[in-house]
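Peer 1: Provided herewith is a single structure, encoded as structure tokens, for subsequent inquiry.
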Amino acid sequence: MINQFGINLGFYLLMPYLAGYLAGPLGLASWAVGLVLGVRNFSQQGMFLVGGTLADRLGYKPLIVAGCLLRTAGFALLAFATSLPALLIASAATGFAGALFNPAVRAYLAAESGEQRIQAFAIFNVFYQAGILAGPLAGLALMTLDFRITAAVAATVFAALTIAQLFALPARGGTSERSSVLRDWRTVAGNRRFMAFALAMIGSYVLSFQVYLALPLQAEWVTDARASTSAIFVVSGIVAIAGQLRITAWFRSRWGVERGLVVGTGVLAAAFGPLALLPDGRPLPVALAVLLISAAILAIGTAAVFPFEMDTVVSLSGNRLVATHYGFYNTVVGVGILIGNLATGAVFDVARTAGWDRAVWIGLILIGLTTTVGVARATRQRDLVSN
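Count along the sequence shown starting at 1, add 18, and that's the number in our numbering.
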């Protein structure tokens with residue numbers, strides 16, 4: 019839990035300000051800034067399966083330690099790199115680091131928590147969101163000094179995590195099976211229920227990601243002020259941190275794991291309802307209030323879905339090749355997020371030009387309803403382990 023808080027603290031302490039540093043003090047062209055950021059994203063999303071496979075073979079702890087160590091090196095290099103090749107190497111290192119420790123962290127938590135898996139993932143999300151909330155605030159303070167100092171502090175955070183995990187984290191995971199990597203991947207890809215679930219859950223990730231895309235775009239259009247965008251993240255973070263355990267307990271007691279997951283995806287769809295119903299010519303306070311209400315509902319839906327989703331991946335894996343399943347799952351939804359964000363951005367521009375903003379929110383609601391139906395079908399006719 020502390021490791022994941024530290025990971026998000028160190029990452030979000032630096033990454034929100036990277037684009038501005040590249041385009042400003044370093045004077046890189048826009049295409050080069052996009053390339054650096056794109057390499058980081060691809061080296062993480064595209065390598066999740068590799069990280070998960072290595073975790074299942076070598077154990078979860080070595081991959082967690084290796085990922086933290088690699089991100090230490092990547093952020094340290096960002097503090098000194100000025101040429102595009104060096105920046106690309108640093109960006110790729112930070113991304114691949116995430117691919118190493120993300121599946122391993124989730125598989126470790128699933129193995130360690132036993133019958134309390136859902137509660138453990140709920141608490142995990144509290145630490146996860148707390149890091150996301152604290153990181154940019156700490157980074158904002160450090161950026162008043164210098165970007166290189168910020169990068170050095172981020173590297174220090176990951177260095178401390180590396181040492182802590184190396185000496186304090188018990189070894190877990192790993193297998194003595196001698197099956198080939200391709201056979202393991204075929205096993206995961208041939209798990210039809212798991213694949214159906216992963217494909218169905220793409221929509222939920224597209225909706226959850228709108229806290230970074232559609233909602234900030236709407237905030238800028240409504241007020242043209244950075245404070246309104248910050249308010250979205252503050253509201254989302256507070257809901258997740260303060261409400262996660264209560265939300266998980268309420269959904270589980272009322273609907274159980276399977277139906278709770280389905281209802282949670284329905285809440286994600288409903289989050290965009292207030293924006294779709296927002297009347298034209300609305301006063302600014304009303305527009306801001308509706309935007310923050312949608313952000314809060316989206317945070318509730320995300321908090322409801324996450325623990326059940328993580329539990330379901332383990333259940334569908336049959337407790338075999340758990341990290342590989344997580345890696346494959348992250349790769350599938352990562353591709354889906356990329357496609358979904360491109361589509362959402364395109365629709366947003368067209369709808370704004372045409373003067374019919376509701377098209378964006380109606381489209382997201384339809385994605386949510388389709389996701390809800392898909393998740394219901396993917397989880398039907400199977401027994402979820404109610405841990």
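No residue lacks a Cβ here, since even glycine has one placed at the ideal position from N, Cα and C.
Quick caveat, the model's predicted, so the values are computed rather than measured.
#1: Can you grab the Cα-Cα spacing for the pair A189 / G149, in whole Å?
#2: By the DSSP assignment, the alpha helix (DSSP H) with Y30 in it spans what residues?
#3: Excluding five sequence neighbours on each side, which residues of the same chain lie with their C-beta closer than 8 Å to the C-beta of R395?
#4: If you count every other CB in all the chains shown that lies within 10 Å of the CB of Q63, and 16 or more means buried, which is it?
#5: Count the C-beta pairs between the stretch 222-230 and the stretch 106-120 that are closer than 8 Å, then say yes if the count reaches three, no if not.
#6: Can you list, in chain order, the residues of its chain with a C-beta nearer than 6 Å to that of F326? Leave out the 5 residues immediately preceding and following it.
#7: Under three-state DSSP, which class holds L302?
#8: Going by alpha carbons, who is nearest to L151 out of P43, V323, V252?
#9: Per the contact definition of three or more C-beta pairs closer than 8 Å, is the stretch 124-143 in contact with the stretch 44-62?
#10: Is it buried or exposed for F185, if we count other Cβ within 10 angstroms and need 16 for buried?
#11: Can you find the residues in the same chain that come closer than 7 Å, C-beta to C-beta, to Y344, ignoring five residues on each side of it along the sequence?
#12: When the distance is taken between beta carbons, is A172 closer than 7 Å to F93?
#13: On the CB-based measure, 16 or more other CB atoms within 10 Å of its CB, does G336 come out buried or exposed?
#14: What is the DSSP secondary structure of G407, reduced to helix, strand or coil?
#15: Measure the C-alpha to C-alpha separation of I311 and W379 and round it to an integer number of angstroms.
#16: Would you kindly check if the distance between the Cβ of A313 and the Cβ of S254 is under 7 Å?
#17: Quick check for students: name the residue ranges of the alpha helix (DSSP H) that lie wholly in the stretch 51-78, counting only runs of 4 or more.
#18: Using the C-alpha atoms, what's the distance from L295 back to L118?
#19: Who are the near neighbours of F324 in its chain, counting only those whose CB is closer than 6 Å to its CB and skipping five residues on each side?
#20: Under the rule that 16 or more other beta-carbon atoms within 10 Å means buried, what is G132, buried or exposed?
Peer 2: According to the structure shown:
#1: Taking the sequence shown and counting its residues from 1, one reaches residue 189 at position 171. Taking the sequence shown and counting its residues from 1, one reaches residue 149 at position 131. Rounded to the nearest angstrom, the two C-alpha atoms are 25 Å apart.
#2: As a first step, residue 30 must be located in the sequence shown, where it is residue number 12. First-last of the alpha helix (DSSP H) with Y30: 20-32.
#3: Position 377 of the sequence shown, counted from the first residue, corresponds to residue 395. These residues qualify, in order along the chain: A214, A218.
#4: Counting from one through the sequence shown, the residue named residue 63 turns up at place 45. Buried is the call here.
#5: no
#6: The sequence position of residue 326 within the sequence shown is 308, counting from 1. Within the same chain, F326 has close Cβ partners V275, G278, L279.
#7: Start at 1 with the first residue of the sequence shown, and residue 302 comes out as number 284. Reduced to three states, the DSSP call for L302 is helix.
#8: Position 133 of the sequence shown, counted from the first residue, corresponds to residue 151. Checking every option, the nearest Cα to that of L151 belongs to V252.
#9: Taking 8 Å as the limit for Cβ pairs, the verdict is that the stretch 124-143 does not touch the stretch 44-62.
#10: Residue 185 sits at position 167 when you count from the first residue of the sequence shown. Exposed is the call here.
#11: Position 326 of the sequence shown holds residue 344. Taken in chain order, the residues that qualify are G70, P121, R124, A125, V331.
#12: The residue labelled residue 93 in the question sits at position 75 within the sequence shown. The residue labelled residue 172 in the question sits at position 154 within the sequence shown. Contact flag set, yes.
#13: Sequence index remark: in the sequence shown, residue 336 carries index 318 (1-based). G336 comes out exposed.
#14: The structure shown has nothing for residue 407, since the chain only spans 19 to 405.
#15: Against the sequence shown, residue 311 aligns to sequence position 293. Against the sequence shown, residue 379 aligns to sequence position 361. The straight-line gap from Cα to Cα measures roughly 14 Å.
#16: Taking the sequence shown and counting its residues from 1, one reaches residue 254 at position 236. Taking the sequence shown and counting its residues from 1, one reaches residue 313 at position 295. Closer than 7 Å, so yes.
#17: Counting whole runs of 4 or more residues, the stretch 51-78 contains the alpha helix (DSSP H) stretches 66-76.
#18: Here the question's residue 118 lines up with position 100 in the sequence shown. Here the question's residue 295 lines up with position 277 in the sequence shown. The alpha-carbon atoms of L118 and L295 are separated by roughly 43 Å.
#19: Numbered from 1 along the sequence shown, position 306 holds the residue referred to as residue 324. Result list for F324: N143, in chain order.
#20: The sequence position of residue 132 within the sequence shown is 114, counting from 1. A residue is called buried when at least 16 other Cβ atoms come within 10 angstroms of its Cβ; G132 does not meet this threshold and is exposed.
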